[in-house]
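Numbering (our numbering), first residue to last: 217 to 1072.
Here is the structure:
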C-alpha cells in the first residue's frame, strides 16, 4: 500500500518548463471552478466591504443634490434675518430702504408655542404657532390638502392646521378653534412647508395663522419665547451679497443673524450631514471587518491550492508565473464581488427611504450617481489589492518539497509584512478622511477603531492562551478545544471580527436602554411632568390660586430673563470662536433668573453665601458646570446685555447640583433687586397625576391663553420614539459588520475541510458514532461563539458605562438579563452557521475518504 498525493490540476494542463505561456487560460479557469465555496465567500466579502459605503454615498448624494438644488425653497427666500426679539430699528430701516429702492421684498414670520382649545368640549393641545404674512413663501409652496394656494385660503379669521390636530382634538375642516384670545376657523389642512420639510421632534403640531390676526391672538408679551424671522427676496441675484452686507452691517451680531441661501445650512441639511457622518463611521468599520474577511477567505482559498502550486513549481514554473495567474484569478473574483457590492449598494440606497421615511424632505429623487459608481469601482480595486497582498506574497515561499513534507508555509513577517500593515493603516485613514472630511476627527476615529481591534486582539490572545493550557478530561470538550487550534483554522480572525462588531452593537443597545430607563421608562416618580411657560408678572397671583387650588400643591415660580454675555473681566467674548466650540458656549443667549435662596437640589462649592452684602452693585451666582467655559471665579466681573440694556455683575458664589433631577436649573442667578424690573416671563413646574394634566391644561388655557402648558411625559415619549428610529438605522448597518464575522466562520470551516474530514473519519474508524462527531463540532462552535460574545460583552459594558456616566451623565445599569440574551443569541448564531457549513463534512463516509487517500 502506498500513499497517493492529491493532484488538483491534471499534469496535462500544467505548463512545462520548456513552454510557459504568458497567460495559461485553462489553469485560471480550473482555479475558478474548483473550491467554489471559498470563491463565493471571497466574492461576498468583497461585496460586503463596499456595499454600505456605496449605499450611503449614493443616498447622501441624492439627498444633498435635492437639498442644494432647492436651497431657496428650504429657506423660502434669498436671505433671512433671525432673532429672538423684534428686529432692531437699524435693521428695520435697512429693510425699508431696500424695499423702497426695489432691491428686495420682505416678509416676517413669527413662531411661538401656545395651547389651542376646542370650544365645545374640554379638550386642548399644545401647538406650534406660525404667523405669516400674505407674501410667504417667496419660494417653494405650502401644500394644502385642498390643493389650493396658501394666500387664497389663509385669510383673517382662519387658520390652517396639521392633520394631527384634527385627529387629537376630533375636529374637521370648518370647525372653530380657540387660539390665544381669538376664535379662528379651520380652513384647510397643511401637508408640508418649504422651510419645514421634515417632521423633526417638536412639542406640538403646526398651526398657520394670518399676520392680520396677531393682535387678536394677544399672545406676544414682554419676555415671551418668540422667534422672529424676516425673509427677503432679491430680484437680481447679483445684488444678493450686497444686500446681505447691508443687513449684516446694521444687525446686532449678538441678537440678529443674517444669512443667505448660499451660506445658511438648513435644519434638515444639518440633520442629514450629522446622520450621514455617523453612519459613514459605521460603514468604514464594516469595510475594515469585511477586509479581514477578504484576507481570511483568500488565504483559505490559496492554501487549498498549495499542492497545485508545489506541482506547478516542480515542473518548472517560477513564482512570478504562479503569482501572476493567481492575481488574475483574484482580479476576476474581485471584479465580480465589486459589481455585486455596487448593485447591493444601490439596492441599499432604496432601503434608506424606508428606514428614514419621516425624516426625508419631500420630492427627493433617489438616483444612481455616476461619480459614486466610479468611486465604488476604484474602491473595490483598492480593497482587493490591499487585503490580498500578503496571502499572494506567501506563494513565493511555497517550495516544491511541500508535496513530500506537507510543512506549513509561514506568512511573511518581514519588511513586506510591515509595509503591508502600514499601507492598510494609510488606506483606513484615507477612507475615514474621505468620508468624514476633517483631519482631527479622522485621526480620532482611526485611533479609536484600531484601539478597539488591538484591545480585542490582546484579550483574544489571552483567552486562547488560557484555553490552550486547559486540561479537560471529557473527550468531547477536549477535542473541541483542540479544534480551535487546528492548522489553518481562522480562530483569531473569527473572534476578533465577531467580538469587535458585537461590541459596537451591544454598546449601542446598552446605551439606548439606559437612556430609555433614565428618561422614559423610569421617569422619576417625583420629577416635574408638567411645565407652565410664559406666565406674565401680572398673572402670578391668579395663576397660583388656580393651580394650587386644583392640585393642592404649593408651586414655585421661576422668573426668566433672557440675556447675553458681552465680556468677562472687561475682555469681550469672541462670538465666532465660541460658536465654533462643540457643546456649550458663551455666545448663546442664556436664561437668567433671580432669587435670594438656594434650591433644595443645589449647594455652594465656592463662596460663603449665595450673595455677598459687602459687594457693591449687581451680583450673580454661577453654576459650576458652566464655570470652566469662562474660568469664572469669585470676584470676576461679567457684563450682560438684556434686550439692549447693559448690566454688569460680580460673581459672588459658584453653585452645583446635588442630585440628578429634571427640574428647573439656571446657569446664572441674580439678586431680585438686580433683575426684577427687566422684561421677563415666568415659568413653573410640578409633578401631578398624568391623567389629571389635560383637565388642568384646559382650565389654565381658558383663563390664561398666553400660557403654554407642556406635558413632559408626552414630549419625552415623542423624543424617545425619534431616537429609537435613528438607532434602528444604525443597528441595521451594524448587521453588515456581523455578517463579515459569519463569512469568516464559514471560510474557516472550508479552509480546514480536509483536517475536519480526517478527524471525523478517524473518530468513526475508532468506533465513535456520528452523534459524537456532531457534538465535538457543536462544542467547538459553542466555544467560538461564547468567547466572541463574552469578549464583546465585556468591552460593551465598559464602553457603555463610560458613555452613560461621562457623556450623558446618567446612572448606568448593566442589564444582566438583556446581556445574557445577547450572548445566548450570538452563541446560537455561531453554532448554527458552523454546523450548517460542516454538514457535508459530517456526512462523509470513512471508506470513501480512505479510498481517496490510499491506493493498492
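Just so you know, even glycine gets a beta-carbon here, dropped at the ideal spot from N, CA and C.
Do you know how far the Cα of residue j is from the Cα of residue i?
i            : j            : result
residue 443  : residue 307  : 16 Å
residue 847  : residue 788  : 14 Å
residue 415  : residue 572  : Only weak support exists for where residue 415 lies, its pLDDT of 48 falling under 50; the value from the coordinates is given anyway. Roughly 11 Å separates the two Cα atoms.
residue 527  : residue 544  : 19 Å
residue 275  : residue 347  : 35 Å
residue 220  : residue 524  : Residue placement at residue 220 is flagged as unreliable, the pLDDT there being 44, under the threshold of 50; a coordinate-derived value is accordingly withheld.
residue 605  : residue 595  : 16 Å
residue 886  : residue 927  : 29 Å
residue 585  : residue 541  : 34 Å
residue 335  : residue 279  : 43 Å
residue 471  : residue 322  : 19 Å
residue 248  : residue 548  : 9 Å
residue 234  : residue 614  : Caution applies to residue 234, whose pLDDT of 41 falls short of 50 and renders its modelled position unreliable; the value that the coordinates give is listed next. Roughly 21 Å between the two C-alpha positions.
residue 726  : residue 1012 : 8 Å
residue 291  : residue 353  : 9 Å
residue 951  : residue 863  : 56 Å
residue 1056 : residue 972  : 11 Å
residue 964  : residue 705  : 6 Å
residue 869  : residue 301  : 31 Å
residue 634  : residue 601  : 16 Å
residue 930  : residue 775  : 25 Å
residue 744  : residue 809  : 19 Å
residue 246  : residue 560  : 28 Å
residue 518  : residue 607  : 7 Å
residue 925  : residue 912  : 9 Å
residue 502  : residue 611  : 28 Å
residue 899  : residue 770  : 14 Å
In the DSSP assignment, what residue or residues form a beta bridge with residue i?
i            : result
residue 256  : According to DSSP, residue 256 bridges with nothing at all.
residue 447  : 296 and 323
residue 805  : In DSSP, residue 805 forms no bridge with anything.
residue 871  : 820 and 839
residue 407  : Answer by DSSP bridge pairing: none, since residue 407 is not bridged.
residue 645  : Answer is none; residue 645 lacks a bridge partner.
residue 862  : 857
residue 778  : 807
residue 1073 : Within the shown structure, residues of the chain are numbered from 217 to 1072, placing residue 1073 beyond reach of any answer.
residue 216  : Since the first residue of the chain shown is 217 and the last is 1072, residue 216 is not available in this structure.
residue 333  : 340 and 394
residue 748  : 900 and 925
residue 788  : 783
residue 401  : 374 and 392
residue 328  : 345
What are the start and end residues of the beta strand (DSSP E) that includes residue i?
i           : result
residue 441 : Careful: residue 441 lies outside any beta strand (DSSP E) and carries neither H nor E.
residue 346 : 340-348
residue 592 : Taken as a continuous stretch (DSSP letters only), residue 592 belongs to no beta strand (DSSP E), being part of the alpha helix (DSSP H) at 586-610.
residue 374 : 374-378
From what residue to what residue does the alpha helix (DSSP H) around residue i run?
i            : result
residue 289  : 287-291
residue 989  : 986-1018
residue 558  : 535-571
residue 713  : 707-732
residue 306  : 305-316
residue 523  : 522-530
residue 362  : That residue, residue 362, is in no alpha helix (DSSP H); it is neither H nor E in DSSP.
residue 356  : Run containing residue 356: none; DSSP gives neither H nor E here.
residue 672  : 655-684
residue 241  : 241-249
residue 1140 : This structure cannot settle anything about residue 1140, because the visible part of the chain is limited to 217 through 1072.
Spell out whether any CB of chain C is found under 9 Å from the CB atom of residue i.
i           : result
residue 523 : The structure shown contains no chain C; it holds only a single protein chain.
| Contact the stretch 357-367 vs the stretch 336-345: 3+ CB pairs below 8 Å | Counting C-beta pairs closer than 8 Å gives fewer than three between the stretch 357-367 and the stretch 336-345, which falls short of the contact rule.
| Can we say the stretch 438-458 touches the stretch 294-310, given the rule of at least three CB pairs closer than 8 Å? | Yes, the stretch 438-458 touches the stretch 294-310.
| field | Unbroken stretches of the beta strand (DSSP E), 3 residues or longer, contained in the stretch 891-940 | value | Listed in chain order, the complete beta strand (DSSP E) runs (minimum 3 residues) inside the stretch 891-940 are 897-902 and 924-927.
| Contiguous alpha helix (DSSP H) assignments of at least 4 residues, all confined to the stretch 452-491 | Correct list: 456-466.
| Within the chosen definition, does the stretch 880-897 reach the stretch 696-715 through at least 3 CB pairs nearer than 8 Å? | Touching, no, given that fewer than three Cβ pairs across the two stretches are closer than 8 Å.
| Should the stretch 662-671 be regarded as contacting the stretch 691-708, the criterion being three or more beta carbon pairs within less than 8 Å? | Result no; under three Cβ-Cβ pairs closer than 8 Å.
| task | Please confirm if the stretch 800-814 is in contact with the stretch 756-776, defined as three or more CB-CB distances below 8 Å between the two stretches. | result | A contact exists between the stretch 800-814 and the stretch 756-776.
| query | Would you call the stretch 462-469 and the stretch 431-439 touching, i.e. three or more CB-CB distances under 8 Å? | reply | They do not touch, by the three-pair rule.
| task | Flag this pair as touching only if the stretch 257-273 and the stretch 555-570 have three or more C-beta atom pairs under 8 Å; answer yes or no. | result | Yes: the two stretches touch, three or more of their Cβ pairs being nearer than 8 Å.
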